[in-house]
Each structure stands twice: as structure tokens, then as C-alpha cells.
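> One structure, as C-alpha cells, below. Some questions next.
Have a look at this one:
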């Protein structure tokens, strides 16, 4: 696997060389600035408007560049890199279609608050606005889905713009920042002066919360009889998982974690209730509906968690802790708003908070619900069940893998049956629900964590949207293990059509999909297929033992559904519990 460790020069020597004042091109300024920002891996796809940049990259050894097979693969890989590492992900694409092919990935990162710096080329400044060949107003196109964007018209602005972009992307509520560089700017030369300070008027995220609000929360905890914590992706992104564990240990308050919050709290802990919402656990959903104090920590009350808003947490006093003040009160009325960084806020609370002594009976109720209504499915010795496959993957990896998923039924089964005990081990598209995300994001996660096992769980539909990225796994020996849950249909669409649309199945059949084993082998990747438990265990064992990338196709029951399920228009305590009922 090609990794940064192959660069023999010391980091100090590299940084000193990058800082050296010299007259260089805009392209060289870009590369130097990326190194000075700590970038170790860039994902990209060249084209006419970025040829000066790629020319400067010829023989450049101070960060890795991974040539993906599609711009969407590049940005999803950068996204996976960012989520798995906590660093800013970086991708490069050319103008026009190269830039527009990034739009889905930018929106994915924006919805899930992932720090990216997206670099696009554009036509020369004199051609902007003339509908020149491969011109696109990418800053205009992406304005609603970027945290900020720049169109750089002067090469002297590049060092400042790049430094600002990294700062904006990775502070406050994190998100993607786009830098559009016209071709003449990347070619122009000037004296490079590294920028080390940031002074952005009007941008000053609140990190430390107001003390009176913390006092209100501590008082509410002391008075509560049925408190619940709803922990979201903000806990992971802030690095506040240890503070959350301390908070729960001190207070004894049960925790439910959103889809993006999985891994923020150890699933093995008795106070963890599971995931809430549309496909959440019975215990999580009942706890939210019956609690008298709901403490939201870094989640945004999205519709898949709340379902019918008018009936969500009807008995609760709501506390919302978030770095983004715009999220507080946006969907759910909030009695105690707390604006601040999650890690900082929890550390301050932990210094003063006490045990929720009034909640002993409540904690016992949680354990009773977990015993009475666990996640369950009807197993089979004839057909391969997807829930069993996910459980098998969990057991064989000891819950220690970084798991990425695509979107659909397999995503929900993975969220339910793979148990996470570490943050940044679960990478999935939450807000946008982007098919094609799972596999390339695993490549990015593996590049960020060369010594960890990375498992990419995909459906047979989503896998075909970025399957071409198998090539870069083979070429660079990136040892991602790909599990394809093949039910031969668009599974989640089929489930909705069965339950909500009275079995009127419309355009969901994925017949004609490739032989995934042969497809893997065509790219030079080891491939396996399993149709029963014995084959599944043997194939997966061999895939894990294989030193390079591997694909395992698990052929599963076509008509299996994800349960529990809350249908649209219902509150989260109105759950369909499973086929056996």
C-alpha cells in the first residue's frame, strides 16, 4: 500500500523547504500550502484547467496523490479520509464536468458536517462568463452546499485563501470549503509568503458555553426522574467521546446514539440503548417518548430521528448542546439552549455535575425493555440472512474494524448489528443518503488508517455506482475488505413498496447486475461468493486472511425487511417490530 511513510525526508526538512520564500507559480503555491497545512493524501482526477497544478505535481513526493477513476470517487474518498482521521480531506478536479461531478460529494459532506477542502480548476479569468469550453460557475452551483467558497482571481491571494479554507472547514460546525482556481492563476508567478494567521471578519464560532446555561442543565439533571441523552455526530467530530463517557458515568443517564453518533459511546456499556428513530431500537424510541429530560448532545433532530415532530418527546424538557446555534430550536422547541464545542462543554459540565439519583427506577425500566424487546430476526438454515452476515462480520473482527456503508437496507442492518466501541469507526452517508458513497469512502479511511482493518459494507445497487474504484485498490494494494449484501433488488425501496404501497413493486429489480466475483477479478482484486452460512464463514475468513483488497458477495434473501420500522406520519413509539408478528 502506497503511504506517506515512504517519504524519507524528515517532516522538519520538508516544512522548512516549503516555507522558503521563492518566486513560484500558483500551482507550486498550492502544493506548498497543502503540505504546510499537514495534508498527507490528496484524491483527484486531472483535466485541462488543472494541468498546471498536475504539472507541478510531477515528481512531487511530499504528499500522496491517489488517482481515482471518477471525480465522485475522489470526493467520497476524501470524505472517508476526513471522517476516519479527524483531519481535513482534500480532493482536486478540473473545470466544467470535473467540478460538477463533485457536487453530490460536496452535498454529502455538507449535510454531515465533514471538513473538506475541494479544489477545482476553472477557465482563465479572461474567459469567465463567456461560456468557454468546460466552463462552469462551480462557486455559484455549490453555494447552498458549501460552508464557504472562493474564486481566486489573483495569485497573490492563494496562500491566504488556502489557509483560511482549512481553518473554516475544520472549526465551528465543520464542513466543505471550495477553492476555484482559474487556469491563468495557477500558471502565474509571484513571491510565495506562507500565511500562518487567520483573521476572518464575522467568523468567530462560540467554543465555550455560557455558565448560566450549564447551571440550568445541572439543576435539570438533579430534578429529573426519567432523563435520556441523545448523542450525535457532533460528539465524534469534536473529539468529545471520553467526556461523554465521563458524563454518563457521573450522572448514570442512559444514552441513545444517532446514526452518525454510533461509536461516540461504547455499545458494550449497559447504559447504551441503541440507535433511535425510523429503524431505531424499541428501547431507544420508548425512552425518548417517555423521558422527562432529553439532553441532545451534538445531534440536529433530523426527521429520521424525530419522525412525527408534533409527537416527539412529548413529556420532556429539552436541552440542546451544539456548536451551531442555527440548529438549536430549528426543529424541536428547546428549553435549555447551550451553544459551544461539545468536548469543551462536557468537560465544564463534568466538573460540577452529580449523579441523577431520582432515575434509579428509570434505569431499571431501560434494562427491562432491552430484555423484552431486543433487536431480532427470524434466522434460516437455508437462506443467508443479512442480519446474520453483519453479526458474523462483527464477531470475526471483534468490533474493531472501521466500517463504511453505502445507503439502504444494508446500512441499517450494519448500524443495528455491528457494535461500535470507538469513535471514527463508523462511516456512512447520513443526511444526504448518498448511494455510491460506501466503497470509495472506505478507500479514504484505509489511506488514513493503514494499520487498521477497513470493511466496506455495500448493497448490490450502490456498489455498482463506484465499482470502478476497485482499480485503485488493486494498483495501490489498498487492503479494503468489501462485503456486498446482494439481495438482487433496490432493497429499501422494495421494503417501502411492500409496506406502504401495498406490494406494488415498481422498477426495483437489479437483474442484469454483474457477477461481482468476476468483476473484482477483472480489476485484479480477489473475489468470493457465499450463498449459505458455511460458505459465508469460509469466504469471509479467507478474505480477512488475504493481504490485499478482497470482495465477498453474500447472496441473501430478497424479501428481508429492516425492523423495527416507524412509517411516515407516526411517532417513534409506533413501531413495526418484524415479520414474525
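Residue numbers (UniProt numbering): 1 to 581.
Beta carbons: idealized from backbone N, C-alpha and C, even for Gly.
The structure presented is a predicted model; accordingly, all values stated were derived computationally and were not measured.
When the Cα atoms are used, what is the spatial distance from residue 17 to residue 63?
Position 17 of the chain shown holds residue 17. Position 63 of the chain shown holds residue 63. Taking the straight line from one Cα to the other gives about 14 Å.
> Taking the Cβ atom as the reference point for each residue, do residue 483 and residue 457 lie within a distance shorter than 8 Å?
Here residue 483 corresponds to residue number 483 of the chain shown, with the count starting at 1. Here residue 457 corresponds to residue number 457 of the chain shown, with the count starting at 1. Their beta carbons are under 8 Å apart, which means residue 483 touches residue 457 by this criterion.
> Let's test the definition: count the other Cβ atoms within 10 Å of the Cβ of residue 286 and tell me whether it reaches 16, buried, or not, exposed.
Taking the first residue of the chain shown as position 1, residue 286 is located at position 286. With 16 or more Cβ atoms within 10 Å of its Cβ, residue 286 is classed as buried.
> Give the range of the alpha helix (DSSP H) segment to which residue 166 is assigned.
Residue numbering aside, residue 166 sits at position 166 when the chain shown is read from its first letter. Unbroken alpha helix (DSSP H) run through residue 166: 158–169.
> Buried or exposed for residue 143, please, with buried defined as at least 16 other CB atoms from any protein chain shown within 10 angstroms of its CB.
Here residue 143 is taken as the residue at index 143 of the chain shown, counted from 1. Residue 143 should be labelled exposed.
> Could you tell me whether the stretch 493–500 touches the stretch 343–353, using the rule of 3 or more Cβ pairs below 8 Å?
no
> Write down the C-beta distance between residue 295 and residue 229 rounded to the nearest angstrom, noting that I regard them as a contact closer than 8 Å.
Within the chain shown, the letter at position 295 stands for residue 295. Within the chain shown, the letter at position 229 stands for residue 229. Contact between residue 295 and residue 229 is confirmed by a C-beta separation of about 5 Å, below the 8 Å threshold.
> So the candidates are 30, 78, 171; which of them puts its Cα closest to the Cα of residue 189?
Sequence index remark: in the chain shown, residue 189 carries index 189 (1-based). Taking only the C-alpha atoms, the option nearest residue 189 is 30.
> For a quick check, are the C-beta atoms of residue 343 and residue 240 less than 8 Å apart?
Walking along the chain shown from the start, residue 343 turns up at place 343. Walking along the chain shown from the start, residue 240 turns up at place 240. Contact check for residue 343 against residue 240 passes: the beta carbons are separated by less than 8 Å.
> Any chance the stretch 45–58 sits against the stretch 177–197, with 3 or more Cβ pairs inside 8 Å?
yes
> Under the assumption that residue 407 contacts residue 434 (Cβ atoms under 8 Å), give the Cβ distance between them as a whole number of angstroms.
Reading the chain shown from its first residue, position 407 is the one you call residue 407. Reading the chain shown from its first residue, position 434 is the one you call residue 434. Cβ atoms of residue 407 and residue 434 come within 8 Å of each other, at about 6 Å.
> What does the Cβ neighbour count give for residue 217, buried or exposed, with the cut at 16 atoms within 10 Å?
The residue labelled residue 217 in the question sits at position 217 within the chain shown. That one is buried.
> Between residue 375 and residue 281, which are expected to be in contact by the criterion C-beta below 8 Å, what is the C-beta distance as a whole number of angstroms?
As a position in the chain shown, residue 375 is number 375, starting the count at 1. As a position in the chain shown, residue 281 is number 281, starting the count at 1. Yes, they are in contact, since the Cβ atoms of residue 375 and residue 281 sit about 6 Å apart, within 8 Å.
> Which value, in whole angstroms, describes the spacing of the CA atoms of residue 169 and residue 537?
In the chain shown, residue 169 corresponds to position 169, counting from 1. In the chain shown, residue 537 corresponds to position 537, counting from 1. Looking at the two C-alpha atoms, the distance is approximately 42 Å.
> Quick one, are the C-beta atoms of residue 177 and residue 148 less than 8 Å apart?
The residue you call residue 177 lines up with position 177 of the chain shown. The residue you call residue 148 lines up with position 148 of the chain shown. In this structure, the beta-carbon distance from residue 177 to residue 148 falls below 8 Å.
> Which residue's Cα is closest to the Cα of residue 489: 449, 550, 410, 469?
Taking the chain shown and counting its residues from 1, the one referred to as residue 489 is at position 489. The shortest C-alpha separation from residue 489 is found at 410.
> Under the DSSP definition of a beta bridge, which residues are partnered with residue 426?
Along the chain shown, one-based indexing puts residue 426 at 426. Beta-bridge analysis with DSSP links residue 426 to 403.
> Taking residue 373 and residue 251 to be in contact with their CB atoms under 8 Å, please state how far apart those CB atoms are, rounded to whole angstroms.
Indexing the chain shown from 1 puts residue 373 at position 373. Indexing the chain shown from 1 puts residue 251 at position 251. With a Cβ gap of about 25 Å, residue 373 and residue 251 do not count as contacting.
> Could you give the residue range of the alpha helix (DSSP H) that holds residue 466?
Your numbering for residue 466 matches position 466 in the chain shown. Unbroken run through residue 466: none, as it is neither H nor E.
> Roughly how many angstroms separate the alpha carbons of residue 269 and residue 462, rounded to a whole number?
Here the question's residue 269 lines up with position 269 in the chain shown. Here the question's residue 462 lines up with position 462 in the chain shown. When rounded, the distance between both Cα atoms is 33 Å.
> Report the rounded CA-to-CA distance for residue 338 versus residue 220, giving the unit in angstroms.
Reading the chain shown from its first residue, position 338 is the one you call residue 338. Reading the chain shown from its first residue, position 220 is the one you call residue 220. Roughly 13 Å separates the two Cα atoms.
> When the Cα atoms are used, what is the spatial distance from residue 341 to residue 322?
Along the chain shown, one-based indexing puts residue 341 at 341. Along the chain shown, one-based indexing puts residue 322 at 322. When rounded, the distance between both Cα atoms is 7 Å.
> Compute the distance between the beta-carbons of residue 245 and residue 266, then report whether it is under 8 Å.
Counting from 1 along the chain shown, the entry for residue 245 is found at position 245. Counting from 1 along the chain shown, the entry for residue 266 is found at position 266. Contact flag set, yes.
> So within the stretch 87–143, which uninterrupted beta strand (DSSP E) runs reach at least 3 residues, ignoring any that extend past its ends?
89–93, 116–122
> Would you check if there are 3 or more beta carbon pairs closer than 8 Å linking the stretch 388–403 to the stretch 564–571?
Three or more beta-carbon pairs separated by less than 8 Å are not found between the stretch 388–403 and the stretch 564–571, which leaves the two stretches without contact.
> Determine the extent of the alpha helix (DSSP H) in which residue 237 is found, giving its start and end residues.
For the purposes of this step, residue 237 is taken as the residue at position 237 of the chain shown. Segment 233–238, the alpha helix (DSSP H) holding residue 237.
> If I follow the unbroken beta strand (DSSP E) through residue 336, where does it start and stop?
Counting from 1 along the chain shown, the entry for residue 336 is found at position 336. From DSSP, the beta strand (DSSP E) with residue 336 extends over 336–339.
> Identify every residue that forms a DSSP beta bridge with residue 150.
The residue given as residue 150 occupies position 150 in the chain shown. 179, per the DSSP bridge assignment.
> Tell me whether the beta-carbon of residue 553 lies closer than 8 Å to the beta-carbon of residue 525.
As a position in the chain shown, residue 553 is number 553, starting the count at 1. As a position in the chain shown, residue 525 is number 525, starting the count at 1. Contact flag unset, no.
> Taking Cβ to Cβ, would you say residue 194 is nearer than 8 Å to residue 159?
By one-based count along the chain shown, residue 194 stands at place 194. By one-based count along the chain shown, residue 159 stands at place 159. Yes, the pair counts as a contact, with Cβ atoms nearer than the cut-off.
> Do residue 279 and residue 562 have their CB atoms nearer than 8 Å?
For the purposes of this step, residue 279 is taken as the residue at position 279 of the chain shown. For the purposes of this step, residue 562 is taken as the residue at position 562 of the chain shown. Yes.
> Span of the alpha helix (DSSP H) holding residue 285?
Residue mapping note: residue 285 aligns to position 285 of the chain shown, counting from 1. It spans 282–290 - the alpha helix (DSSP H) in which residue 285 sits, taken as one unbroken run.
> So what does DSSP say about residue 607, is it helix, strand or coil?
Any property of residue 607 remains undetermined from this structure, which presents the chain solely from 1 to 581.
> Would you please state the rounded distance, in angstroms, between the beta carbons of residue 175 and residue 113? I believe it to be under 8 Å.
For this step, residue 175 is matched to residue 175 along the chain shown. For this step, residue 113 is matched to residue 113 along the chain shown. Rounded, the Cβ-Cβ distance is 6 Å, consistent with contact.
> How should residue 418 be labelled, buried or exposed, when 16 other C-beta atoms within 10 angstroms of its C-beta is the threshold for buried?
Walking along the chain shown from the start, residue 418 turns up at place 418. The residue in question, residue 418, is buried, as its Cβ has 16 or more Cβ neighbours within 10 Å.
> According to DSSP, simplified to helix, strand and coil, what is residue 155?
The count along the chain shown starts at 1 and reaches residue 155 at position 155. If DSSP states are grouped into helix, strand and coil, residue 155 belongs with the helices.
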